[in-house]
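Here's the structure we're looking at; comments come further down.
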Amino acid sequence: MEWLFNPDVWIAFLTLCALEIVLGIDNLIFISILANKLPKHQQKRARQIGLSLALVIRIMLLFSISWIMGLTNDLFTIGSLGFSGRDIILILGGLFLLIKSVREIHEKIENSDSTLEANIKNITFQGVVIQILLIDIVFSLDSVITAVGMVDQIAIMIAAVIVSMIIMMMVAGTLNNFINNHPAIKILALAFLLMIGTALIAEGLDFHIPKGYIYYSMAFAVFVEIINVKIGSRSSSKAK
């Protein structure tokens, strides 16, 4: 237990918490967009179940570190390109995100309000939870591999994952309302998921795109949109 009083351990813990939160933002956005398709009284429950599943999956993966590390070994090669279990999961997850995001954007742009309402009626709570579970597995794998690369003690990894998930559960409602109240932000969020899906596929093909570039570009786009919203609200208030 001496490591509890080691400042380096606490620095690693706080750094890992911050990284887990950043890596969890895309997961949280996806969960919020899917949950928004459900009736109002089911949305909070869907978000809580989605984040709880993400927490359970990450902890289970942390207790299977040897198996996780085995996923990085090539299963087969095509030409000079090797494919591991992790690569296959990332590619499939990226394709799932791309297809889902494109369909969501298409619905928002092409379909009428009545068509959107009809589509929402066909969506079930179980169906949303299954989709959340699938993408949780992909994002959790990325998160756990990051944790394993940073810290040696599994207790610190689990503590960081739990703390980050608690924080995300606390902000999930606020993020959900913000996305709901600003349609342009919702399109930006879907565009963000398109970028993440592309990055996952590229990662699976051994082409690494630093996520900092993706998060920075998305943060800048959201910042510009927030300024537009502020200007629009001021203009409407002056008009009144």
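Under our numbering, the first residue of the sequence shown carries the number 92, and numbering increases by one thereafter.
Where is the CB? At the ideal position from N, CA and C, for every residue including glycine.
Span of the beta strand (DSSP E) holding residue i?
i, result
"isoleucine 258", "Where isoleucine 258 is concerned, there is no enclosing beta strand (DSSP E), although the alpha helix (DSSP H) it sits in stretches over 245 to 272."
"serine 175", "172 to 175"
"aspartate 165", "165 to 169"
Take residue i and list the residues in its own chain whose beta-carbon comes closer than 7 Å to its own, dropping the five residues that flank it on each side.
i, result
"leucine 162", "Ser175, Gly176 and Arg177"
"leucine 284", "Asp117, Ile120, Phe121, Leu188 and Ser192"
"methionine 259", "Ile112, Gly115, Leu119 and Leu142"
"phenylalanine 271", "Note on residue identity: the sequence assigns asparagine, not phenylalanine, to residue 271. Hits under 7 Å: Asn127."
"isoleucine 305", "Met286, Ile287 and Ala290"
"cysteine 108", "Ala251, Val254 and Ser255"
"isoleucine 148", "Asp227, Ile228 and Ser231"
Along the alpha helix (DSSP H) that carries residue i, what are the first and last residues, could you check?
i, result
"leucine 152", "131 to 153"
Go through its chain and collect everything with a Cβ distance to residue i's Cβ below 6 Å, but skip five positions before and after it.
i, result
"leucine 281", "Ser192, Glu195 and Ile196"
"leucine 144", "Leu224 and Asp227"
Spatial neighbours of residue i within its chain, please: C-beta separation below 8 Å, excluding the five flanking residues on both sides.
i, result
"aspartate 297", "Leu172, Gly173 and Asp178"
For the stretch 274 to 291 and the stretch 181 to 190, state whether three or more C-beta atom pairs, one from each stretch, are separated by less than 8 Å. A contact exists between the stretch 274 to 291 and the stretch 181 to 190.
When you compare the stretch 246 to 265 with the stretch 163 to 173, are there three or more beta-carbon pairs, one atom per stretch, that lie closer than 8 Å? Judged by Cβ distances under 8 Å, the stretch 246 to 265 makes no contact with the stretch 163 to 173, as fewer than three pairs qualify.
Segment contact, 8 Å Cβ cut-off, at least three pairs: the stretch 211 to 227 with the stretch 135 to 146: Contact holds: three or more Cβ-Cβ distances are below 8 Å.
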